[in-house]
Amino acid sequence: VRQHYLSQGLRPATATGYLNETRAFYDADPHVLWITFARGRLWWAFAKPEVHWIGGSGVAHGTRYRETLDGWHDHDLDDKPLDLERLSTSLTQLAGYRRTICRVAQADYCLRMINAQVDPLLVQMGEARQRLERHLAAAIARLSWADFELLVELILTRSGWRRISAIGGTMKDVDLVVEQPFTGERMLVQVKSKADQAVVDDYARRLGARAGEERLLLVCHSPQGQLREPEIAGGRRLQIMVGAEIARRAAGCDLVGWVIDRAR
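Take the position in the sequence shown, starting the count at 1, then add 5; the result is the number in the numbering used here.
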C-alpha cells in the first residue's frame with residue numbers, strides 16, 4: 006500500500022499516513038470506538054470486523070465499508086446531546102482533520118464525555134465554589150444596611166442594569182430604580198436586611214397597587230423562614246432574591262473582594 010502511494014509521487018510521510026489509515030480500517034477490532042463530527046455534534050459507534058466491498062471508482066464514495074454494531078450515536082450515556090458547544094476545542098478541532106482516520110489525542114476526555122462522567126477536577130472546583138458562596142453569604146449578612154444596598158446596586162449594574170436613581174427612602178417602598186438600556190425595561194428594587202412572609206406579602210400588595218409595568222424585585226440577605234413569591238393583581242410578579250442567590254450573583258460579578266473589605 007505504501008509503495009503504491011510512493012509510486013504516485015507522494016512524500017514518504019504522506020504514504021505512511023495512508024498506510025496507517027488502511028491498517029486501522031481493516032485491523033481495528035470491534036472494541037475500538039470510532040468517532041466523527043457532523044451536524045454540530047460528536048457521533049460515536051463500534052464497528053463489526055467484516056469489511057464489505059461496494060465497488061466503483063471510489064470518487065463519489067468509498068469502495069469498502071464496515072457496518073456499525075448498533076448505529077451511530079450523538080448522545081452520551083445519560084442521553085444528553087453531544088453538541089459541539091459543550092465539548093472542549095481540544096477535541097472538536099479534529100473536525101477540521103483533512104484526511105479520514107487518525108488517533109484521538111484527547112481520548113480520555115472523549116470517553117469521559119461519552120460515558121457522561123464528571124471530571125474530578127470540576128467536582129472539586131464545584132465544591133470549592135459552594136464553600137465560597139456559603140462563606141460569602143455569611144459575610145454579606147454582616148454588612149451594614151448602606152453597604153448591602155450598595156452591593157445590590159453593584160450587582161445590578163454589573164449585570165447590565167443602569168441605575169436611574171437611588172431613592173433610599175425618598176420614594177416609599179422603593180430603594181432603587183434601574184433600567185435595561187437595550188430593552189428599556191425598568192425594575193423597582195426594595196432592599197431588606199431581614200424579611201418574613203408577612204413583610205413580603207405587604208410589600209407585594211402595596212407595589213401591586215402602583216400604576217406601571219415595572220419589574221419588581223425584593224432583595225433580602227437574611228430571610229425569616231421560607232419566602233414564597235406572592236401573587237399580584239394584574240399578573241405582575243414580585244421576584245425574591247435571598248442570601249444564597251445574592252452570594253452567587255456577587256461572586257459572578259467579581260465582588261468577592263469588595264464584600265471581604267466591607268465585612269471586616
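From the three backbone atoms N, C-alpha and C, an ideal C-beta is built for every residue, glycine too. Because the structure is a prediction, the values reported are computed rather than measured.
Continuous beta strand (DSSP E) stretch holding residue i: start and end
| i | result |
| --- | --- |
| T187 | According to the sequence as given, residue 187 is Phe; it is not Thr. First-last for F187: undefined, no H or E at that position. |
| A50 | 46 to 51 |
| W263 | Taken as a continuous stretch (DSSP letters only), W263 belongs to no beta strand (DSSP E), being part of the alpha helix (DSSP H) at 261 to 268. |
| I119 | Counting along the chain, I119 falls outside any beta strand (DSSP E), though it belongs to the alpha helix (DSSP H) covering 112 to 119. |
C-alpha gap between residue i and residue j, whole angstroms
| i | j | result |
| --- | --- | --- |
| P54 | D75 | 13 Å |
| G189 | L243 | 19 Å |
| I160 | F153 | 11 Å |
| V205 | G230 | 11 Å |
| L82 | V128 | 19 Å |
| A209 | R167 | 23 Å |
| S12 | Y70 | 25 Å |
| R117 | R104 | 25 Å |
| L92 | H80 | 12 Å |
| P86 | G101 | 21 Å |
| K177 | P228 | 21 Å |
| G6 | L24 | Note that residue 6 is Val in the sequence shown here, rather than Gly. So the two alpha carbons sit approximately 6 Å from each other. |
| L126 | H9 | 48 Å |
| L221 | F187 | 18 Å |
| T68 | Q122 | 37 Å |
| V224 | D124 | 35 Å |
| W150 | E90 | 42 Å |
| D259 | L47 | 34 Å |
| R28 | G45 | 29 Å |
| V183 | M246 | 16 Å |
DSSP-derived helix/strand/coil call for residue i
| i | result |
| --- | --- |
| R28 | helix |
| H9 | helix |
| D88 | strand |
| T41 | strand |
| W58 | strand |
| T19 | helix |
Residue closest to residue i, alpha-carbon to alpha-carbon, out of the options
| i | options | result |
| --- | --- | --- |
| E219 | Q185, Q202, L126, M246 | Q185 |
| A270 | I265, R7, S12 | Any property of residue 270 remains undetermined from this structure, which presents the chain solely from 6 to 269. |
| M192 | G165, Q135, A203 | G165 |
| T94 | Q195, R103, Y70, Y114 | Y114 |
| A203 | E234, F187, V179, G217 | E234 |
| E250 | D259, H226, R241 | H226 |
| Y31 | E72, R44, R254 | E72 |
| Q135 | T162, R269, R254, Y10 | R254 |
| F51 | A43, W39, K197 | W39 |
| G262 | P86, H140, H78 | H140 |
| L112 | L222, L96, V224, V123 | With the sequence shown as reference, residue 112 is identified as Ala, and Leu is not the correct amino acid for it. Ranking L222, L96, V224, V123 by Cα distance to A112 puts L96 first. |
| L148 | A43, A252, L99 | A252 |
| A133 | G248, L260, A268, A256 | A256 |
| V56 | V247, D88, D34 | D34 |
| K197 | S170, L232, R215 | L232 |
N-terminal and C-terminal residue of the alpha helix (DSSP H) that residue i is part of
| i | result |
| --- | --- |
| Q98 | Taken as a continuous stretch (DSSP letters only), Q98 belongs to no alpha helix (DSSP H), as it is neither H nor E. |
| A256 | 248 to 257 |
| A142 | 125 to 145 |
Closer than 7 Å: residue i CB and nearest the ligand HEM heavy atom
| i | result |
| --- | --- |
| M246 | Here there are no bound small molecules, and the ligand HEM is not part of this structure. |
Min CB distance residue i to chain B below 8 Å
| i | result |
| --- | --- |
| R71 | No chain B is part of this structure, which consists of one protein chain only. |
Inset, instruction - Please go through the region 153 to 228 and give each complete beta strand (DSSP E) segment of 3 or more residues, from N-terminal end onward. - result: 167 to 171, 181 to 184, 191 to 200, 220 to 228
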